[in-house]
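Each residue of the sequence shown is one higher than the last, beginning at 20 in the working numbering. Note that the Cβ used here is the ideal one computed from N, Cα and C, for glycine as well.
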Amino acid sequence: MAAKSDGTAVSLQNDIPPTCLPGLEKRSPQWRPVGKEYSLLDCCWTLCALLVFFSDGASDLWLAADYYLRRDYWWFALTLVFIIIPSVVVQVLSFRWFAYDYSDANGSGTAAAAMVAASNAESHFSTKDSDQRGAGRSAAVTGSRSSAESCCRACVWLFQCVVHVLQLAQVWRYVHALYLGVQSRWRGDHEHKHFYWRTMFENADISMLRLLETFLKSAPQLVLQLSIMVQTGQVLPLQGLSASASLVSLGWMMASYQKALRDSRDDKLPMSYKAVVVNMLWHLFTVGARAMAFALFVSIFQLYFSIFIVAHWCAMTFWIIQGETDFCMSKWEEIIYNMMVGIVYIFCWFSVREGPTRCRLLLYSLIILGENVALTAVWYIYRSQRSADFYAVVVVCVVACSYALGTFFMFVYYCLLHPDGPVSGAYIGCCDVQVGAVSDPCVSSPTSAPPPLDAVSSPPRTLQRTKGGESVPGGDVGEVFKMRTLKASRNAAPRLTPRTEGPVIRIDLPRKQYPAWDAHFIDRRLRKTILVLEAASPVTPRIQYRCLGTPKEVMEYETTV
20 MAAKSDGTAV SLQNDIPPTC LPGLEKRSPQ WRPVGKEYSL LDCCWTLCAL
70 LVFFSDGASD LWLAADYYLR RDYWWFALTL VFIIIPSVVV QVLSFRWFAY
120 DYSDANGSGT AAAAMVAASN AESHFSTKDS DQRGAGRSAA VTGSRSSAES
170 CCRACVWLFQ CVVHVLQLAQ VWRYVHALYL GVQSRWRGDH EHKHFYWRTM
220 FENADISMLR LLETFLKSAP QLVLQLSIMV QTGQVLPLQG LSASASLVSL
270 GWMMASYQKA LRDSRDDKLP MSYKAVVVNM LWHLFTVGAR AMAFALFVSI
320 FQLYFSIFIV AHWCAMTFWI IQGETDFCMS KWEEIIYNMM VGIVYIFCWF
370 SVREGPTRCR LLLYSLIILG ENVALTAVWY IYRSQRSADF YAVVVVCVVA
420 CSYALGTFFM FVYYCLLHPD GPVSGAYIGC CDVQVGAVSD PCVSSPTSAP
470 PPLDAVSSPP RTLQRTKGGE SVPGGDVGEV FKMRTLKASR NAAPRLTPRT
520 EGPVIRIDLP RKQYPAWDAH FIDRRLRKTI LVLEAASPVT PRIQYRCLGT
570 PKEVMEYETT V
């Protein structure tokens, strides 16, 4: 079985057995638990995430209503803008994802083609006729659909429309993830893996949506309410509640996103909940100090603050683009993603590249520290005469202590609680992935085991961007997309023997490096095909990504149409 880059499945009779990557056998083997289950802590974490979401949204709405009743229409308008616009953006994106996942327009042909590959009904299923055969099966399925099923689907569409109009898409996705997680605990072995896989997909979606929402809504809201407090010289209970909820939401989502990302990557060890809590405290205190410095400065120099924010965002976005990130499936999506990460970089650190981050994190921390000191110092010098010296000193100490505490928790996280590097297990690697399995930097060589008969290979319709750093030195140079045997590495670790039995889902894309999501998490066409293949297979299949052999092959793979 195979899933191409456009979600179509094909079937052939032979496989390209990838080789072991040189140098990876030196890593100390660490095993990740096989068949990880949805735990009680995972359930509690989801429920707490719902509580954080409701507290943040409800406190902002309550505060906006209070501003209106107090006839502070300017504060009311600004507070409402930072509530409505980010929420609408997130709802539109969420509904777009739902429409693609649930629609039959693109899914039936893919599903039908995948079922053919999964059942091995045809020994040869080529790229050329995959759409036509899939379309034929799609017509058959559509023709036999009962009126009751059509009515049920219409109700689902109506329900989702109501949920998204009411701005409750995040709530529905949290509840759905909770349901899938509980089902994965109650079902049998195969169904358990299927539901756990779907839970991981849902967690990835909600993490991306909530991260986008927090930095479009909670972060500006926090700065706005703090600046109002500084300007008026008083702190209303609702203002403190709203600012606290926004700050907790920011810290929570940074930690939650990192946990969901690491849980989805079988080549990385997962984050423990101790590490998650410390990570949350790190971002909570550093973002709090950053927002306070912003609020102090903007309370005096509104125009200069706008210029500073735009300049900082442009510089951070350019820095991110220069790092050549590889998160999305197309160039323009990657540019938009980099622009969004530039917004995150206004407030806190966000890892976007694989490898040691100490130098980049140290440089970013020094920049943020210098900016915080400069903004706070300017406010202290040009503050209003109504502000007493004691009050000003207390505020400066709060900013300094908050940043110091955040830096302390950052050191605790990286020195004591950070997951200890990539996993070296016995199932998957840079080319192999299996849900619930362990991660392996090496995959089978031609001498270790015969290639599985049901493995598949096909040229992708959408060519993925790759970099030379993903190439495997010493690979055989040949024409791209031809069946060939690669030379086995002489330094392969004998103790790391990958599983070769069972069905294989071949994805003709190189695997994205951490901290990017795997392609089958962000490409919804791949996700749909994988779920169909996994449901049709009696054994949970393993996912195998394409390994590119040499720089020449990388270049040919990028330029071949």
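request  = Mind the definition here: the stretch 277 to 293 touches the stretch 421 to 441 only if three or more C-beta pairs lie below 8 Å; say whether that holds.
outcome  = yes
ask   = What does DSSP give as the partner residues of residue 529 in its beta bridges?
value = 565
message = Taking the straight line between their C-alpha atoms, what separation do you get for residue 566 and residue 353?
response = 22 Å
task = Indicate the three-state DSSP secondary structure (helix, strand or coil) for residue 582 in the structure shown.
result = Outside the shown range of the chain, which is 20 to 580, sits residue 582, and nothing can be said about it.
task = Report yes if the C-beta distance between residue 262 and residue 245 is below 9 Å; otherwise report no.
result = yes
ask   = So which of 339, 250, 361 and 398 has the shortest CA-CA distance to residue 323?
value = 398
query = How many Å lie between residue 104 and residue 558 at the Cα?
reply = 45 Å
task = Give the DSSP bridge partners of residue 524, in chain order.
result = 562
task = Just the C-alpha distance for residue 311 and residue 165, rounded to the nearest angstrom, thanks.
result = 59 Å
request  = Assuming residue 62 and residue 200 form a contact by the criterion Cβ under 8 Å, report the distance between their Cβ atoms to the nearest whole angstrom.
outcome  = 6 Å
key: Contacting residues, own chain, Cβ-Cβ under 7 Å from residue 214 (five flanking each side not counted)   = 199, 202, 203 and 206
key: Through-space distance from residue 112 to residue 121, alpha-carbon basis   = 14 Å
key: Stretch-stretch touch, CB-based, cutoff 8 Å, three pairs: the stretch 297 to 304 with the stretch 423 to 435   = yes
request  = Tell me where the alpha helix (DSSP H) around residue 105 begins and ends.
outcome  = 92 to 121
ask   = Is it buried or exposed for residue 581, if we count other Cβ within 10 angstroms and need 16 for buried?
value = In this structure the chain extends from 20 to 580, so residue 581 is not present and cannot be described.
task = Use the C-beta contact count for residue 401: other C-beta atoms within 10 angstroms, 16 or more gives buried, fewer gives exposed.
result = exposed
inquiry  = Let me make sure I understand the geometry here. Which of 344, 328, 380 and 349 has the alpha-carbon closest to that of residue 362?
reply    = 328
ask   = Hey, does residue 115 have any beta-carbon neighbour from chain C nearer than 9 Å?
value = Of the protein chains in this structure there is only one, and it is not chain C.
request  = Give the C-beta separation of residue 218 and residue 57 to the nearest angstrom, bearing in mind that I take them to be a contact with Cβ-Cβ under 8 Å.
outcome  = 6 Å
ask   = Quick check: the stretch 549 to 556 against the stretch 375 to 391, are there 3 or more CB pairs under 8 Å?
value = no
inquiry  = How far does the alpha helix (DSSP H) with residue 207 in it extend, from its first residue to its last?
reply    = Neither: residue 207 is in no alpha helix (DSSP H) and is coded neither H nor E.
ask   = Given that a residue counts as buried once 16 or more other Cβ atoms are within 10 Å of its Cβ, and exposed if not, what is residue 434?
value = exposed
request  = Please name the residue in 421, 96, 313 and 338 whose C-alpha comes closest to that of residue 305.
outcome  = 421
query = Which whole-angstrom value describes the C-beta separation of residue 536 and residue 238, a residue pair presumed to lie in contact below a C-beta threshold of 8 Å?
reply = No, residue 536 and residue 238 are not in contact; Cβ-Cβ is about 22 Å, not under 8 Å.
ask   = Grouping DSSP H, G and I as helix and E and B as strand, with all else coil, what is residue 536?
value = coil
query = Which residues in the same chain have their Cβ closer than 7 Å to the Cβ of residue 410, if we skip the five residues on either side of it in sequence?
reply = none
message = Nearest by alpha-carbon distance to residue 280: which of 533, 547, 550 and 548 is it?
response = 533
query = For the 8 Å Cβ check, are there 3 or more pairs between the stretch 267 to 274 and the stretch 330 to 341?
reply = no
key: Residues of its chain near residue 81, where Cβ-Cβ distance is below 7 Å and the 5 sequence neighbours each way are ignored   = 257
query = How close, in whole Å, do the beta carbons of residue 249 and residue 314 come, if the pair is a contact with beta carbons under 8 Å?
reply = 5 Å
task = Determine the burial state of residue 375: buried for a count of at least 16 other Cβ atoms within 10 Å of its Cβ, exposed for fewer.
result = exposed
ask   = Alpha carbon to alpha carbon, how far is residue 381 from residue 100?
value = 35 Å
query = Under a three-way DSSP split, which group does residue 198 fall into?
reply = helix
key: Proximity below 9 Å, CB of residue 173 to CB of residue 114   = no
Local Cβ density within 10 Å of residue 271, reported as buried at 16 or more and exposed below that = buried
query = residue 342: buried (16+ other C-beta within 10 angstroms of its C-beta) or exposed?
reply = exposed
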